[in-house]
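Peer 1: Just so you know, the working numbering puts 80 at position 80 of the sequence shown, and the rest follows in order with no gaps.
Backbone N, C-alpha and C fix where the C-beta goes; we use that ideal spot for every residue, glycine too.
Have a look at this one before I ask anything.
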Amino acid sequence: MIFNSLDIQQMAALAAQVAKCLAPGVSICLWGDLGAGKTTFARMVLKTLDSSIEEVPSPTFTIVQQYVTAIGDVWHCDFYRLIHAEEVFELGIEEAFYHDVCLIEWPEKIQPYLPENRLDIFFTISSDLTRDISIISTGIVDVSFTP
Ligand SMILES: Nc1ncnc2c1ncn2[C@@H]1O[C@H](COP(=O)(O)OP(=O)(O)O)[C@@H](O)[C@H]1O
Ligand SMILES: [Mg+2]
Numbered sequence: 001m002i003f004n005s006l007d008i009q010q011m012a013a014l015a016a017q018v019a020k021c022l023a024p025g026v027s028i029c030l031w032g033d034l035g036a037g038k039t040t041f042a043r044m045v046l047k048t049l050d051s052s053i054e055e056v057p058s059p060t061f062t063i064v065q066q067y068v069t070a071i072g073d074v075w076h077c078d079f080y081r082l083i084h085a086e087e088v089f090e091l092g093i094e095e096a097f098y099h100d101v102c103l104i105e106w107p108e109k110i111q112p113y114l115p116e117n118r119l120d121i122f123f124t125i126s127s128d129l130t131r132d133i134s135i136i137s138t139g140i141v142d143v144s145f146t147p
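Written out as structure tokens, the structure reads:
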């Protein structure tokens with residue numbers, strides 16, 4: 001599925017639809033350059049899952065950030081700073097790929113270990129205020145979103 005030139009409100013509407021198809025054992029991989037909108041999208045998903053979540057800091061420095069939501073634990077990960085994919089095992093979150101929900105920025109850093117049951121969402125900058133988004137489902141996630 002491809003969505004072109006989404007402004008921030010259209011992005012929020014899409015993130016809300018994506019949030020509704022999440023369940024324990026499903027991950028979202030957020031692909032795209034710096035500033036493409038990965039953290040913004042993850043923040044929108046988390047706020048849809050639980051409106052009481054106020055702060056969603058970028059996990060660039062903590063690498064993982066855990067949230068407790070109505071659908072279970074959600075892990076927001078940013079693997080930008082990983083040098084070796086195997087470092088993911090030191091973070092103790094590989095179990096979470098299968099039992100919880102993970103929102104993963106810079107998934108290319110752990111490419112060999114990506115969870116199979118996932119949505120891949122690709123972000124590209126189409127203008128200052130818009131982003132092109134493409135969504136591919138791998139595994140058992142059934143998706144159908146409207147722009
Ligand atoms: N349509 C849009 N969708 C998402 N972010 C947008 C959009 N237009 C502008 N932005 C801005 O782009 C920036 C994206 O930053 P961020 O989400 O941190 O990117 P990343 O995590 O991919 O590095 C934010 O400042 C956000 O406000
Ligand atoms: Mg980010």
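#1: Just the Cα atoms here: how many angstroms apart are L30 and D120?
#2: Can you check which of these residues, L34, T60, A23 and I63, is closest to V45 by C-alpha distance?
#3: Output the distance between the C-alpha atoms of E108 and F89, rounded to the nearest integer angstrom.
#4: With L49 as the anchor, note down where its alpha helix (DSSP H) starts and where it stops.
#5: Whole angstroms is fine: what's the gap from S83's alpha carbon to A19's?
#6: Looking at the secondary structure, which residues open and close the beta strand (DSSP E) in which F151 lies?
#7: Label S27 either buried or exposed according to how many other C-beta atoms from any shown protein chain fall within 10 Å of its C-beta, with 16 as the threshold for buried.
#8: May I ask you to check if the CB of I104 is nearer than 8 angstroms to at least one heavy atom of ligand 1?
#9: Excluding the five sequence neighbours on either side, which residues of its own chain have a C-beta within less than 6 angstroms of the C-beta of N4, listed in chain order?
#10: Quick one: measure Cβ to Cβ for L103 and V74, integer angstroms, because I've assumed they're closer than 8 angstroms.
Peer 2: In brief:
#1: 6 angstroms
#2: The shortest Cα separation from V45 among L34, T60, A23 and I63 belongs to A23.
#3: 15 angstroms
#4: Per DSSP, L49 is one residue of the alpha helix (DSSP H) stretching across K38 to L49.
#5: A quick correction: the sequence has Ile, not Ser, at residue 83. Going from the Cα of I83 to the Cα of A19 covers about 30 angstroms.
#6: In the structure as shown, the chain begins at 1 and stops at 147. Residue 151 is therefore absent and cannot be evaluated.
#7: buried
#8: no
#9: D132
#10: 7 angstroms
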